[in-house]
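Structure, as structure tokens:
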Amino acid sequence: MTRETQNMRPLCLVTLLALFSSAGCAYHNPVEPGAAPIDLSVPFQVTLGALPGSGAQAGTATMTARVQNANGAALANVAVTFTTSLGTIAPALVATGVDGRATAMLAATDTADVTATVGKLSAHSLVVVQPPTPPAPTPTPAPEPLPVPTPGRPVAFLNVSASATTGVPLTFGVSSSATGVTWIWSFGDGATVQTSTFGTTHTYAAAGTYTATVSSAATSSASTTITVTDPPAPTPTPAAALAVALTCTPGAHVTTATFCNVSLTYGGVALPGSAIASVDWDWGDGTTADNSGTGPIKSHLYTNASTYTVFATVAANTVDGVKTAVTSTRFVVSP
Numbered sequence: 004m005t006r007e008t009q010n011m012r013p014l015c016l017v018t019l020l021a022l023f024s025s026a027g028c029a030y031h032n033p034v035e036p037g038a039a040p041i042d043l044s045v046p047f048q049v050t051l052g053a054l055p056g057s058g059a060q061a062g063t064a065t066m067t068a069r070v071q072n073a074n075g076a077a078l079a080n081v082a083v084t085f086t087t088s089l090g091t092i093a094p095a096l097v098a099t100g101v102d103g104r105a106t107a108m109l110a111a112t113d114t115a116d117v118t119a120t121v122g123k124l125s126a127h128s129l130v131v132v133q134p135p136t137p138p139a140p141t142p143t144p145a146p147e148p149l150p151v152p153t154p155g156r157p158v159a160f161l162n163v164s165a166s167a168t169t170g171v172p173l174t175f176g177v178s179s180s181a182t183g184v185t186w187i188w189s190f191g192d193g194a195t196v197q198t199s200t201f202g203t204t205h206t207y208a209a210a211g212t213y214t215a216t217v218s219s220a221a222t223s224s225a226s227t228t229i230t231v232t233d234p235p236a237p238t239p240t241p242a243a244a245l246a247v248a249l250t251c252t253p254g255a256h257v258t259t260a261t262f263c264n265v266s267l268t269y270g271g272v273a274l275p276g277s278a279i280a281s282v283d284w285d286w287g288d289g290t291t292a293d294n295s296g297t298g299p300i301k302s303h304l305y306t307n308a309s310t311y312t313v314f315a316t317v318a319a320n321t322v323d324g325v326k327t328a329v330t331s332t333r334f335v336v337s338p
């Protein structure tokens, strides 16, 4: 022991006596650790240990740093700083107790490098943290037993289209486990029928909504709603049209007449020339000569060589009465 240390011992004893005399037996817990009350330049040692948790404490480890002097005696109230390379550690700053130990809790998901530092001296510990144990799966409850069906009357199901057309027979069917029964069919329009078979037909005479029912003494009844509509009106046949074809053989002016001929069809069927009631001719030269007739052929003499357009308006007798059509053609009268 050095002379300086020997001189400090009475001073420390006096200080402790002063503290006890002023504070009595009360214990004062510091809010946070202060600087170590020892001279950190004096040789001392820091060791670090780890106790990994398991079970409910998995994922954690208790870290304990121990501070001792060169002779192995515990050093109390020494500030120890804890740090970790992974996760968190708390508290990060802890003062050693009378046993020279400072404790902190590590929380991590994998291996962490934890350091305990006192002044310029530090200790390391590579801590392997056990992974948390997953919670046991909640057992699936056993399904409740299905109720045992009570035997009852056989069920009947009515099979029929939901729509129908007036005047068109509609097929009805019944599905059931019952056998050897008489089925009573009611169609909702006042008509009924009985069958020993599982099907029948019915024709509705008027449009409307009907409720059809099938039943028997041995089964439950079944019913459904049927919408009956009238068939669409037939598409009217287009009226036949009178078609006129006009052909002309042009002549020479003054000397040779031009002959024109009309041919008729009605509804695609050829009509004889006798079906012509009248023909009004427009020869295209402004004259009124030869401008009417009742036959299919007509001639006209042009006084000038030129290009002319001839119109023929024909009225013909058909099975649907007198029909009219107009046709034209264009030709050249040579000099």
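Residue numbers for the sequence shown follow the working numbering, so the first one is 4 and each next one is one higher.
Glycine included, C-beta positions come from ideal geometry on N, C-alpha and C.
Report task. Output the distance between the C-alpha atoms of Gly-271 and Pro-338, rounded to the nearest integer angstrom. Result -> 39 Å
Report task. Could you please give me the residues that DSSP links to Ala-165 through a beta bridge? Result -> Bridge partners of Ala-165: none, in fact.
Query raised in the report: So what does Asn-264 bridge to, in DSSP terms?
Result: Thr-250, Ile-300
Query raised in the report: How many Å lie between Thr-168 and Trp-188 at the Cα?
Result: 19 Å
Query raised in the report: Would Gly-191 be called buried (16 or more neighbouring beta carbons within 10 Å of its own) or exposed?
Result: buried
Query raised in the report: Is DSSP giving Gln-133 helix, strand or coil here?
Result: coil
Query raised in the report: Is Ser-57 helix, strand or coil by DSSP?
Result: Three-state DSSP puts Ser-57 in coil, outside helix and strand.
Query raised in the report: My guess is that Leu-124 and Val-49 are in contact by the Cβ rule of under 8 Å, so how many angstroms apart are they, rounded?
Result: Right, the Cβ-Cβ distance comes to about 5 Å (below 8 Å), so this counts as a contact.
Requested in this report: Give the single residue among Ser-226, Thr-141, Thr-84, Leu-304 whose Cα lies nearest to the Cα of Gly-122.
Outcome: Thr-84
Query raised in the report: Where does Ser-88 fall in DSSP's three states?
Result: coil
Query - Minimum length 4: unbroken alpha helix (DSSP H) runs contained in the segment 170-226 - result: Within the segment 170-226, no complete alpha helix (DSSP H) segment of 4 residues or longer occurs.
Report task. Identify every residue that forms a DSSP beta bridge with Lys-326. Result -> Ala-319
**Report entry** Contacts around Val-131, its chain only, beta-carbon distance under 8 Å, and the 5 residues preceding and following it disregarded
**Finding:** Closer than 8 Å at the Cβ level, and outside the excluded window around Val-131, lie Pro-55, Thr-114.
Query - Three CB pairs or more closer than 8 Å across the segment 239-247 and the segment 208-225 - result: no
Query raised in the report: Is the CB-CB distance between Val-163 and Ala-221 below 7 Å?
Result: no
Query - Alpha-carbon spacing of Thr-118 relative to Thr-136, whole angstroms - result: Their backbone Cα atoms lie some 27 Å apart in a straight line.
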